[in-house]
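Encoded as structure tokens, the structure appears first; notes follow it.
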Amino acid sequence: MATDRIAASNLGPLLGRLRGILGRLRGIRTGPARAALDVFAIRIASAGFAYIAQVLMARLMGGAEYGIFAAVWVWIGILGHSATLGLSQGACRFLPTEQAQGRSDAARGFLVGGAIVTILGALLLAVGGLLVLRAEGTLLAGPYGAPILLAAAILPLFALQDFCEGLARSQNWAILAIAPPYLLRQGLIMVAMVGAVWSGAPAEAWVAVACTLLATAIAVALQAGWLIFRLRTVCPSGPRVYRWRRWLRACLPIALTDLASAGFNVVDVVILSALMPPATVGLYFAATRIQQFVVFVHFAASAATAQRFAAIHAAGDRPGLTSLVRIQANLTLAATIVIGAGVLVAAPLLLGLFGPEFRGSLPILAILVAGSIVASVFGPGEDLLTMLGGEGVCAAITLATLGLAAGLCWALIPAYGVIGAALAMAVAGTVRGLAMALAARSIHGLVTPVRLGPFRKIVR
608 MATDRIAASN LGPLLGRLRG ILGRLRGIRT GPARAALDVF AIRIASAGFA YIAQVLMARL
668 MGGAEYGIFA AVWVWIGILG HSATLGLSQG ACRFLPTEQA QGRSDAARGF LVGGAIVTIL
728 GALLLAVGGL LVLRAEGTLL AGPYGAPILL AAAILPLFAL QDFCEGLARS QNWAILAIAP
788 PYLLRQGLIM VAMVGAVWSG APAEAWVAVA CTLLATAIAV ALQAGWLIFR LRTVCPSGPR
848 VYRWRRWLRA CLPIALTDLA SAGFNVVDVV ILSALMPPAT VGLYFAATRI QQFVVFVHFA
908 ASAATAQRFA AIHAAGDRPG LTSLVRIQAN LTLAATIVIG AGVLVAAPLL LGLFGPEFRG
968 SLPILAILVA GSIVASVFGP GEDLLTMLGG EGVCAAITLA TLGLAAGLCW ALIPAYGVIG
1028 AALAMAVAGT VRGLAMALAA RSIHGLVTPV RLGPFRKIVR
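The numbering used here puts the last residue of the sequence shown at 1067; the count rises by one with no breaks.
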């Protein structure tokens, strides 16, 4: 009898733990973790398409033409993301809040007004950029001329697709948000490039940019059409209210952050383009393309949780917010380490497919991966500042670390070449992660770094 009582007393806690495990498993199937897995799976698939496309382009075009394409694509990304004026990220913040508080008219206003402003902003940016380059006189007349003209046509499409991604993310439609720009577009670029060269087009940078234009147009048309269809079910037609002062007060600093973030992600390539020949730029760019497998971990986690931070905060659920921050930080770090190790193991093969000369990019890749892992220790500080308030501080930190990255690149590249660029980005990325964690702790009282002793003590 005593034994039975002891067994029964032990059975209760055991069943409680079992129910907790089952609950967490259900959360993985339906909650942020599942969404993050969906996003990550799509980004890995898109990275595969992008990797194959980059290998094909490098093989077909050679180092010099590939370097021109890489530099132009970098500027498309910088200007395309910034042309939304922060409304893409703002959608993840404001749409869940407006919907949670029953302001459907404001939600409809954001949807329509944001799309119009995004398209107009991108058109003005494209025209203004061409006028500046025409006044400068040399770039449009050289080998960059035709690729730049085609890139100007891509900008409005790229910006609209970025805005559509933000809208889909705001509704937790991870696949609709991520698949068209990062899977469909990449696959279409690859197919178009192979088809163009096969039909007799020269394997030059302008052809690759033209293929990118076609692929972007098809991908954004399909994404926008499907998004409009789904939005009608959650936001039926009706009167619209435009809260531009409130939206732009938050979104313009976010736009500045996006611009600085885009610049931060490519400042190394831009400065290398100014200091090194195109073939060297292509060598470095190949390593950054493979590093994207590691960066996608953070992107997937952010895409799955950023809008949830805003919704939970609006509901006043402080314990739920703290728990989600902790879970996101721990899972992101663990996944970054695993994926980073896998990438480094496979790196000789992946780099070798670009061509024999690209195997020298392995030290570059190792430094970049190490920098990504260290930066992920500090958790989702940037997402909290963007979604909960503190976007001005976030913009200031991003601008400061962009300046740091640029300064380190200018200092280290002349002495150490591409290795200097990788070291500069690893150091600047670590400083940025730490600064975002300190700001999130100061403004919102949320500790974002993973519990690794010394790192956690820094932000207390």
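In this text, a Cβ means the ideal position worked out from N, Cα and C, and glycines have one as well.
Predicted model only: the values in this text are computed from it and were never measured.
Environment of residue i [buried if 16+ CB atoms lie within 10 Å]
{"i": "Gln778", "result": "buried"}
{"i": "Glu743", "result": "exposed"}
{"i": "Trp780", "result": "buried"}
{"i": "Phe916", "result": "buried"}
{"i": "Val662", "result": "buried"}
{"i": "Ser983", "result": "buried"}
{"i": "Trp854", "result": "buried"}
{"i": "Phe836", "result": "exposed"}
{"i": "Arg852", "result": "exposed"}
{"i": "Asn872", "result": "buried"}
{"i": "Thr745", "result": "exposed"}
{"i": "Ile755", "result": "buried"}
{"i": "Val952", "result": "exposed"}
{"i": "Ala1022", "result": "exposed"}
{"i": "Asp865", "result": "buried"}
{"i": "Gly949", "result": "exposed"}
{"i": "Ala881", "result": "exposed"}
{"i": "Asp924", "result": "exposed"}
{"i": "Ile635", "result": "Its pLDDT being 42, under 50, Ile635 is placed unreliably by the model, and the measurement read from it follows with that caveat. Its Cβ having fewer than 16 others within 10 Å, Ile635 is exposed."}
{"i": "Val739", "result": "exposed"}
{"i": "Leu956", "result": "exposed"}
{"i": "Val734", "result": "exposed"}
Beta-carbon gap between residue i and residue j smaller than 8 Å
{"i": "Met664", "j": "Ala803", "result": "no"}
{"i": "Leu863", "j": "Ser968", "result": "no"}
{"i": "Met797", "j": "Ile897", "result": "no"}
{"i": "Met1032", "j": "Leu975", "result": "yes"}
{"i": "Thr725", "j": "Phe770", "result": "yes"}
{"i": "Ala1047", "j": "Ala918", "result": "no"}
{"i": "Ile761", "j": "Thr840", "result": "no"}
{"i": "Cys1001", "j": "Leu992", "result": "yes"}
{"i": "Ala1035", "j": "Gly986", "result": "no"}
{"i": "Val932", "j": "Thr1055", "result": "yes"}
{"i": "Val874", "j": "Ala1003", "result": "no"}
{"i": "Thr691", "j": "Gly749", "result": "no"}
{"i": "Ala714", "j": "Leu702", "result": "yes"}
Residue i - DSSP class collapsed to helix/strand/coil
{"i": "Arg915", "result": "helix"}
{"i": "Asn779", "result": "coil"}
{"i": "Met883", "result": "coil"}
{"i": "Phe871", "result": "helix"}
{"i": "Gln661", "result": "helix"}
{"i": "Gln899", "result": "helix"}
{"i": "Phe1071", "result": "The requested residue 1071 is not part of the displayed model; the chain covers only 608 to 1067."}
{"i": "Val888", "result": "helix"}
{"i": "Arg710", "result": "coil"}
{"i": "Tyr849", "result": "coil"}
{"i": "Leu762", "result": "helix"}
{"i": "Glu672", "result": "helix"}
{"i": "Val1054", "result": "coil"}
{"i": "Tyr751", "result": "coil"}
{"i": "Glu772", "result": "helix"}
{"i": "Ile628", "result": "Low confidence applies here, because Ile628 scores a pLDDT of 37, under 50, leaving its location unreliable and the question unanswered by this model."}
{"i": "Val798", "result": "helix"}
{"i": "Leu692", "result": "coil"}
Alpha carbon of residue i to alpha carbon of residue j, nearest angstrom
{"i": "Leu1084", "j": "Leu1006", "result": "Because the chain is modelled from 608 through 1067, residue 1084 falls outside the range shown and cannot be assessed."}
{"i": "Gly697", "j": "Ala921", "result": "15 Å"}
{"i": "Leu730", "j": "Val719", "result": "17 Å"}
{"i": "Ala833", "j": "Gly721", "result": "The residue asked about is misnamed: residue 833 is Trp in this sequence, not Ala. Going by the C-alpha atoms only, they are around 17 Å apart."}
{"i": "Pro809", "j": "Leu694", "result": "38 Å"}
{"i": "Leu757", "j": "Gly807", "result": "20 Å"}
{"i": "Ala812", "j": "Ile825", "result": "20 Å"}
{"i": "Ala799", "j": "Leu790", "result": "14 Å"}
{"i": "Ala941", "j": "Trp682", "result": "32 Å"}
{"i": "Ala1028", "j": "Arg776", "result": "33 Å"}
{"i": "Val981", "j": "Thr939", "result": "11 Å"}
{"i": "Ala869", "j": "His688", "result": "7 Å"}
{"i": "Ser979", "j": "Gly927", "result": "27 Å"}
{"i": "Thr887", "j": "Leu667", "result": "17 Å"}
{"i": "Ala822", "j": "Leu764", "result": "10 Å"}
{"i": "Leu766", "j": "Phe717", "result": "As written in the sequence, residue 766 is Ala, which differs from the Leu given in the question. Roughly 16 Å between the two C-alpha positions."}
{"i": "Phe965", "j": "Ser711", "result": "53 Å"}
{"i": "Thr912", "j": "Leu783", "result": "16 Å"}
{"i": "Tyr673", "j": "Thr895", "result": "14 Å"}
{"i": "Leu946", "j": "Phe900", "result": "Leu is not the amino acid found at residue 946; the sequence shown has Ile there. Cα to Cα, the separation comes out at about 7 Å."}
{"i": "Val1057", "j": "Leu1041", "result": "12 Å"}
{"i": "Gly736", "j": "Ile971", "result": "32 Å"}
{"i": "Gly630", "j": "Gly709", "result": "For Gly630, the predicted model reports a pLDDT of 47, less than 50, meaning its position is unreliable; a value from the coordinates is still stated below. Cα to Cα, the separation comes out at about 30 Å."}
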